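Protein chains in written order, with the working numbering: chain A, 1 to 296; chain B, 1 to 323; chain C, 1 to 337; chain D, 1 to 312. The C-beta atom is built at its ideal place from N, Cα and C for all residues, glycine as well. Note that this is a predicted model, so its numbers are computed, not measured.
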Amino acid sequence: MTESIAAVPVERPAAAHWLLQLRRAFNANATSWVGLVVFLVIVALALLAPLIAPYDPLDQDIISRLEGPSAAHWFGTDSYGRDTLSRLLWGARLSLVIGSVSILSAMLIGGTIGIVSGYVGGKFDLVVMQAMDVLLSFPSLIMGLMVVAMLGPSMGNLIIAIALTAIAPFARIARAPTIAVKERDYIEACRALGYSDLRIMAVHILPNIMAEILVMGSLWLATAIRTEASLSFIGLGVRPPVATWGGMIREGFENILDSAWLSIFPSLAILLVVFSLNMLGDGLRDAIDPKLRGGE
Amino acid sequence: MPEPMLEVAGLRKFFEVKRGFPRATTVTVRALDGISFTVGAGQSFGLVGESGCGKSTAGRAVLRLIEPDEGRVAFKGEDVLAAGKERLRALRRKMQIVFQDPYASLNPRRMIGKALTEPMRVHGVGAPGERVARAELLLAEVGLPKNAMTRYPHEFSGGQRQRIGIARALTLEPELIVADEPVSALDVSIQSQILLLLQGLQERRRLSFIFISHDLGVVRYFCQSMAVMYLGRIVETGPIPAIFKEPLHPYTKMLRDASPVPDPTRKVAMLRIEGEVPSAVNPPAGCHFHTRCPHAMEICRKAYPEWTPLGDGRGVACHLHKV
Amino acid sequence: MSAATEAPLLELDGLVTEFRTGGAWHAALRGVSFALARNETLALVGESGCGKSVTALSIMGLLPPANSRIAAGRIRFAGRDLVGLSEEAMRKLRGNEISMIFQEPMTSLNPVLTVGFQVAESLRYHRGMEGQAARRAALELLDQVKIPAAAQRFDDYPHQFSGGMRQRVMIAMALACRPKLLLADEPTTALDVTIQAQVLALLAELKSAYGMAMIFITHNLGVVASIADRVAVMYAGAIVETAAVDELFARPTHPYTEALLRTIPRVDEDSAGLAAIPGQVPPLSAMPPGCRFAPRCALREAECEATDPALAPLPAAADHRVRCRVRAPATAAPRHA
Amino acid sequence: MIGYIVKRLLLAVPTLWAVLTIVFVLARVLPGDPAQTILGDQATQEALVAMRHRLGTDKPIAEQYADFLANAVRGRWGDSLVTGKPVLEEVGKVLPYSIDLTVSAIVLGALIGVPLGTWSALHRNAAFDYIARLGSLLGLSFPAFVSAIMLLLAFAIELRWFPVIGAGGSGPWERLRAITLPTVNLGIIMAAYVTRVTRSSMLEVLGEDYIRTARAKGVPSRVILWRHALRNALIPVVTVVGLYLGILIGNSVLTEIVFNRSGLGKLIVSALDQRDYTVLQGMMVVYAFAIVLVNLLTDLTYGFIDPRIKRQ
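As structure tokens, then:
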């Protein structure tokens, strides 16, 4: 061929690597930035809790119990006279650890199930998805409730319980785009070139659905933190006296008629974390969703 | 006739599809209903027909991208359908595919250089340095600059992507390429660029092609012989000049006369035959084409016409042409 | 025919339509002008991105308002300028005096409404027809576009029809109010050739029966030869050549038209030398100065890359106009955009 | 249609069987001996053996499993270990409260969410759209017990418009007053979901070719919205309402606790507290059944909205 093509015109800015795809999604959406910054601030506060918490979260002070917000106790004290702010900071660590570990495991397990099931297809897919449907036919909070009740309330068990509720959703989240990608010609080209199934799934399908899974991960992290708080509120969280947000709200709720702030501050904390994660994930999802963007 | 590169005999593929609400019924799509053809070495064989006739399924069944139910595919005498995993991998180096849609045929998250060296890596061809050099040579061969290696697919136009797709198919030095409507998605001026490119490659590399297309003009230009498919079966086959000069099957003639020609003195035959086109789900009894055939006879409604070889590589399945 | 002496039904004058991409406005149409007589079929032909669909959507007033605008020019239809007409006034024209059919029959019909209902709808909003009267009229239309057993299929949904049949439904819908002008945007591109031939026949037949003018948009020069009275070849947002259909195919004069005709492998004869046009259509945001085709043109001269020529009549045939300073040099007065 | 429903219900049998099996396994691994739970710590060995015999927990596990399945199918879910009343009766007593609450929450959620989402889509990127998007995002960020506590604080404790606890007295007015805050709590969270789905689905539909066709026909934009767009846009909304039921059930547990309203949620929490495993079993089956039923309803709704599914 004598003809040479000197300039390669760029048709449409589409991100190539999934990391670039995510970065571009961020730039397309101011709310994701706000969400990310707020979330990172919360993470930093949680990490620094041992340094910045004004009091030990477990220190009881019978003299100053159920005090309202003051200069000494910005967010007041609970019925044992413990400092609410310190308990909030320490509680954040717990919520974030339980949420992220459980969602990462669910992402790994559910994602793998979804990719393999979608890629293999046929009867295998049918059976696997039927099994996922069985898991999904338990309302997630109820399932968490049962599992924690069965295993006993500890941090590890909470992680297991929450991960279990998220595996089936992640299997579905990963399966749908896998099936869409599988239909594309370049996967057929891979097969025609004699690539192994494992290579096709890991090298050719995964990078194409990675951004989508991570974005859904941030939204599910929000759900996981909410679920952990809900379980603690019901009384199935990490056992007292450890500070958990849900548990703090539960204690506050018992004194709601006279000390409303006790439940209000942890409530706002949960709301802030969940809202920031939702802002982060939702904006990214809009930017990544091919339906709203118009094709690859 | 040169020695055959590929022989296909009695290839069959039925799909089961569930349809309907509230009560789903299973219907059988007779995508390939026993087709046979031969591709000579260094030849281009056109597979022609309208949407749903099974031509793409045929191309994929030959490569076992779709497993056929029945039939025989022999590549240089070797049985493709009987090949085990390892043999099949070896055969894949010899038989490749080029796709219609240049926007779907490249992995958007994979750099062109990776896409071109990966097949060699998987098949253990050459040292890493050599692979890059060979990929660059391939790019030059399809008319793209070296710097394309470090770019991603979205940085290229449709025509350029099609060139990359062709380069990828060439990485393993195949002898047969299934080209599935390789120019249909392209603009007219780009179409001819790609056709010329393929033609040059064929001459230089002595490639054989199964060229799948709905465009008779393109097939006439590119191929030496062709088969016309209708609802999962081949209705006519033969050398290009003979078929275009005198199509024997009424469907071939209809296709030819309906294809528009850039000449106002030869307007397309305005077909008077109306009505729904039958589908491969439920092909009409007898000759599948009888519902639209201007020459339909009583027998056409009852019996599917037998395949009639006519010499010179021609053959037809039509009651009008019984020997 | 007295069509030539009558006032044209549609007249585009220097139409400039712009799209906004990346914060800047880019012209998708750069001064498109043509006139269309009653009963005439004009084929707009060109490759993707040349502006042929944008022309039709500009006439219909169906451009997406968020990122497009008509920046200059006039669209005179039956004595009225459509540019700047209110949305309500345009709505009363659409489907009534000007109709349009689209390329994708599979997605152009509403999947949750019956075919009969969708055909009757134009009658309802433009003719005030309701109930049985609308049903009867719509049924008659479905008969006219030769839908077999139309009465039984009236209450069927689009997914129960094949592509060709859906395109017939689209045609019935477009013709319901006997429009004066039909815009057909690649109406046969998605169809198989034998179905394409049927639909082309139907369009030609209905056009003369209804006495409409038609703008037929296509990239297929073969289809143009079959259906058009007159042809306008578009490239990069402008008409580069226009002539009567016989004249254009007999004497293609613009280097683009000429090259395009030589890129088509023909069904009816052996194509000895297929030619390729090198390079590709430039994107909207990076149009070359001067003649837009110059970078790909075999006849390119230095001056071509500096000056954008105007559409000028050939000395031999006044009705054959070409935008090329090499091929139509006599009138190639320099004009800077 | 009836044939289809029967077939769909038959298809749900394997799901229900799997659910029952999981429930059985869970109940057996739950810590604590049911006999001990019933008789208390001071029970004699003889009494325990007798009780185990009565409960059937002394039989081989396979036999227990078979009994369990057979009884579950016949609606004999045993007696509550705490109250001694049949589980079916215990569940039946509170079920109407939960159904009342769930249905009214769904209705409220759809009534707010669909118009809000549609309006938001029509004014894409306008101020209203941003507010609606951010507002709905905030709405679905609320853990149901947090929003419930805030509603309780504001409207029951501060303003005293509504009772602080309970499902109310006997009169319809009292019942309405008692259900209002829980409904608002669940309905608003649901409305947030519905708004978002309606918006994105509406945006997608408005970009479809057939909407352009309708405009090209000269159909007034009001008619395009209601007749051409909305019905298509509602198809994904139905899916979300179906999927949302799982979340709704969880949220209603939390809501019932905060408002101290009787219902399945309160029942399951107290059953967990007291290790009343027969009640737990029964409730798991009820929940699973509800979800299977709603999936069926969702599918049937598709059939009515989308003719592509209805006929072939």
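- Unbroken alpha helix (DSSP H) stretches of 4 residues or longer found wholly inside the segment 132-191 of chain A: 140-151, 155-182, given in chain order.
- Look at Gln224 (chain B) here: in three-state DSSP terms it is coil, with no helix or strand label.
- At a cut-off of 8 Å between C-beta atoms, Ser189 (chain B) counts as an interface residue with respect to chain C.
- Our two residues, Ala161 (chain A) and Thr227 (chain A), have alpha carbons roughly 10 Å apart in a direct line.
- Of all residues in the segment 140-152 of chain B, only Ala140, Glu141, Val142, Gly143, Leu144, Pro145, Asn147, Ala148, Arg151, Tyr152 come within less than 9 Å of chain A when Cβ atoms are compared, listed by chain position.
- In the DSSP annotation of this structure, Gln280 (chain C) is not part of any alpha helix (DSSP H), being labelled neither H nor E.
- Taking C-beta atoms as the reference points, Asp299 (chain D) and Glu104 (chain C) fail to come closer than 8 Å.
- Ile35 (chain B) has B:Leu11 as its beta-bridge partners, per DSSP.
- Between the alpha carbons of Ala28 (chain C) and Gly49 (chain C) lies a gap of roughly 8 Å.
- Per DSSP, the continuous alpha helix (DSSP H) segment holding Phe128 (chain D) begins and ends at 127-139.
- The Cβ neighbour count for Lys245 (chain B), taken over all protein chains shown within 10 Å, is under 16; the residue is labelled exposed.
- Taking the C-beta atoms as reference points, Trp245 (chain A) is found nearer than 8 Å to Gly91 (chain A).
- Under the three-state reduction of DSSP, Gly3 (chain D) is assigned to helix.
- A distance below 8 Å separates the beta carbons of Val145 (chain C) and Ala172 (chain C).
- In the DSSP annotation of this structure, Ile209 (chain A) is not part of any beta strand (DSSP E); the continuous alpha helix (DSSP H) holding it starts and ends at 206-234.
- Nearest C-alpha to Gly54 (chain B) among B:Ser36, B:Lys94, B:Ala82, B:Gln43: B:Ser36.
- Residue nearest to Ala290 (chain D) within the set D:His123, D:Thr44, D:Arg222, D:Leu95 is D:Leu95 (criterion: CA-CA distance).
- Around the Cβ of Ser285 (chain C), a 10 Å sphere holds fewer than 16 other Cβ atoms; the residue is exposed.
- Between Ala61 (chain B) and Leu11 (chain B), the gap from beta carbon to beta carbon is short of 8 Å.
- For Pro68 (chain B), the nearest beta carbon of chain A is not closer than 8 Å to its own beta carbon.
- Contact of Asn67 (chain C) with chain D is not assigned, every C-beta pair being separated by 8 Å or more.
- Taking 8 Å as the cut-off, the Cβ atoms of Asn251 (chain D) and Ala144 (chain D) count as close.
- Distance from the CA of Gly252 (chain A) to the CA of Ser32 (chain A), rounded to the nearest whole angstrom, comes to 32 Å.
- Just measuring C-alpha positions, the residue of B:Thr26, B:Pro174, B:Arg163, B:Gly49 sitting nearest Phe75 (chain B) is B:Pro174.
- Cβ proximity to chain D below 7 Å picks out nothing from the segment 216-229 of chain C.
- In this structure, DSSP gives Ala197 (chain C) a helical state, which the three-state scheme calls helix.
- Where Ser99 (chain C) is concerned, the enclosing beta strand (DSSP E) starts and stops at 98-101.
- Judged by beta-carbon spacing, Arg296 (chain C) lies beyond the 8 Å limit of Leu311 (chain C), meaning their Cβ atoms are not closer than that value.
- With fewer than 16 other Cβ atoms inside 10 Å of its own Cβ, Thr25 (chain B) counts as exposed.
- A contact between stretches requires three or more CB pairs, one per stretch, nearer than 8 Å, and the segment 41-51 of chain B meets this requirement with the segment 218-234 of chain B.
- In the displayed model, Gln60 (chain A) falls within coil according to three-state DSSP, outside both helix and strand.
- For Leu214 (chain A), no Cβ of chain B is located within less than 8 Å of the residue's own Cβ.
- Between the C-alpha atoms of Tyr195 (chain A) and Gly78 (chain D) there is a straight-line separation of about 57 Å.
- As the crow flies, the alpha-carbon of Gly279 (chain C) is around 57 Å from that of Ser140 (chain A).
- Taking a beta-carbon distance threshold of 8 Å, Tyr130 (chain D) does not count as an interface residue toward chain C.
- Interface annotation, Ala260 (chain A): in contact with chain D, CB-CB separation under 8 Å.
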